[in-house]
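Note sheet for the following structure.
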Amino acid sequence: MKLSICTDVMGDLSFTDMLDKCVDLGVEGVEMTGGGWSPAPHFRADELLADKGLLKQKLKEIETRGLEIAALNCSANPLDPGAMGERHRKEMEDTFTLAGEIGVKKIVTMSGLPEAAPGDVVPNWLVYTKSWPDEMPERDRYQWEDRAFPFWHGLVEHATKVGVEKIALENFSAMLVWNPETLFRLRDEVGPMVGMNLDPSHLFWKGACPIAVARALGDAIHHVHGKDTRIERGLADVNGYLELKEVTDVANRSWNYVAVGAGHDLQWWKEFFSVVGMMGYDDWVSLEMEDFTMSTNAGIQSSIDALQATIIR
Numbered sequence: 001m002k003l004s005i006c007t008d009v010m011g012d013l014s015f016t017d018m019l020d021k022c023v024d025l026g027v028e029g030v031e032m033t034g035g036g037w038s039p040a041p042h043f044r045a046d047e048l049l050a051d052k053g054l055l056k057q058k059l060k061e062i063e064t065r066g067l068e069i070a071a072l073n074c075s076a077n078p079l080d081p082g083a084m085g086e087r088h089r090k091e092m093e094d095t096f097t098l099a100g101e102i103g104v105k106k107i108v109t110m111s112g113l114p115e116a117a118p119g120d121v122v123p124n125w126l127v128y129t130k131s132w133p134d135e136m137p138e139r140d141r142y143q144w145e146d147r148a149f150p151f152w153h154g155l156v157e158h159a160t161k162v163g164v165e166k167i168a169l170e171n172f173s174a175m176l177v178w179n180p181e182t183l184f185r186l187r188d189e190v191g192p193m194v195g196m197n198l199d200p201s202h203l204f205w206k207g208a209c210p211i212a213v214a215r216a217l218g219d220a221i222h223h224v225h226g227k228d229t230r231i232e233r234g235l236a237d238v239n240g241y242l243e244l245k246e247v248t249d250v251a252n253r254s255w256n257y258v259a260v261g262a263g264h265d266l267q268w269w270k271e272f273f274s275v276v277g278m279m280g281y282d283d284w285v286s287l288e289m290e291d292f293t294m295s296t297n298a299g300i301q302s303s304i305d306a307l308q309a310t311i312i313r
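Be aware that the sequence shown starts at 1, since it is given in the UniProt record's numbering, and climbs by one per residue.
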């Protein structure tokens with residue numbers, strides 16, 4: 001396994017300053033984020049497809065620093081029924097096209113979340129029982145069979161044409177794919193190119209065990225994010241894990257994204273990476289740092305130290 005970093009966390013830096021910081025941190029690769037919800041300006045697919053000179057320049061700057069591109073990331077909701085969905089679909093397709101042009105074989109993205117019925121104007125995350133109310137089975141069928149399956153068949157076909165080999169879907173909330181069961185529902189339909197970006201942080205607050213999830217996924221692990229979550233004592237016990245407060249309201253939330261090691265100790269992370277390796281995964285581990293309990297720089301450095309001490313070399 002090799003250590004990379006999601007470049008979103010350094011979105012305030014210039015491209016060259018961001019790369020220099022990656023070298024200083026001792027990471028070996030960059031998970032280039034751009035498009036979708038990403039605010040980072042470093043590697044926007046539409047911009048680079050339109051300016052091949054700029055693309056060549058940026059690739060050279062990465063190479064001269066001894067870094068590799070671990071993956072291209074376009075975290076988005078391509079199934080949103082509104083204008084955002086249309087924009088996200090285009091940006092995802094551009095990201096795949098760019099990956100094909102520069103020889104990157106892996107895309108990290110999200111499955112998307114559609115509306116629950118024709119004519120709805122907002123996405124709807126259906127995470128309560130399918131058996132009640134009576135209309136629930138049809139809503140579930142509509143989201144998957146009418147909306148998700150056709151889109152993903154098309155995107156997998158596009159990926160095949162441009163040379164992308166792995167699509168790693170993050171097990172994020174408010175997405176159709178958010179755990180192993182939902183991943184395999186899509187994977188069984190569109191094929192093994194689709195796998196999971198195994199991100200422990202989202203599984204912790206859903207009450208799942210990422211180590212057990214790794215075993216369940218097996219060779220469907222296509223990518224791994226190094227990111228931790230802390231369940232906050234005394235708050236989660238009262239209010240449960242479904243948290244609607246702003247992520248910056250850290251003192252009052254039932255759980256928080258935290259630097260690696262600030263939620264689960266290094267022994268836990270050693271076991272996690274050991275099991276991930278046992279399942280056959282020997283690729284990139286990307287730090288995704290979203291800890292608002294400390295400064296960005298402190299969170300990055302603390303997480304890098306923890307991951308360097310625990311990933312399987």
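Even for Gly, the Cβ is constructed at its ideal location relative to N, Cα and C. These numbers come from a predicted model, not from an experiment.
Residue environment: residue 281 is assigned as buried (16 or more neighbouring CB atoms within 10 Å of its CB, all protein chains considered).
Taking the CA atoms as reference points, residue 149 sits about 16 Å from residue 93. Per DSSP, residue 73 lies in no alpha helix (DSSP H) segment; the continuous beta strand (DSSP E) that holds it begins and ends at 68 to 74.
If you look at residue 278, you'll find it in the alpha helix (DSSP H) that goes 266 to 278. Residue pairing for residue 6: DSSP places it in a beta bridge opposite 31. Taken atom to atom, the span from the alpha-carbon of residue 55 to that of residue 183 is near 33 Å. As the crow flies, the alpha-carbon of residue 153 is around 21 Å from that of residue 125. The region 154 to 164 makes no contact with the region 128 to 135: fewer than 3 CB pairs, one atom from each, lie closer than 8 Å. Residue 250 and residue 204 have their C-alpha atoms spaced approximately 17 Å apart.
Taking each of 47, 245 and 110 in turn and checking the Cα distance to residue 79, the smallest one comes out for 110. Residue 282 carries a coil assignment under DSSP once its states are collapsed to helix, strand and coil. Taking the Cα positions, residue 118 is about 13 Å away from residue 144. Within the region 74 to 127, complete beta strand (DSSP E) segments of at least 3 residues are found at 106 to 109, given in chain order. By the CB criterion at 9 Å, residue 116 and residue 139 fall inside the cutoff. The bridge partners DSSP lists for residue 168 are 108 and 195. Taking a cut-off of 8 Å on C-beta distances, the region 38 to 50 does not touch the region 284 to 299, as fewer than three cross pairs fall below it.
In its chain, beyond the 5 residues on either side, 279 and 280 have a beta carbon closer than 8 Å to the beta carbon of residue 218. Between the alpha carbons of residue 64 and residue 227 lies a distance of about 28 Å. Shown here, residue 260 sits in coil according to DSSP, grouped into three states, outside any helix or strand. Distance from the CA of residue 191 to the CA of residue 283, rounded to the nearest whole angstrom, comes to 21 Å.
The Cβ-Cβ distance between residue 58 and residue 96 does not fall below 9 Å.
Looking at the backbone, the Cα of residue 34 and that of residue 232 are separated by about 32 Å. Counting along the chain, the unbroken beta strand (DSSP E) around residue 229 starts and ends at 228 to 231. For residue 247, same chain residues with a beta-carbon under 8 Å away, outside a window of 5 residues either side, are 253, 256, 257, 290 and 292 in chain order. Beta-bridge analysis with DSSP links residue 224 to 198 and 285.
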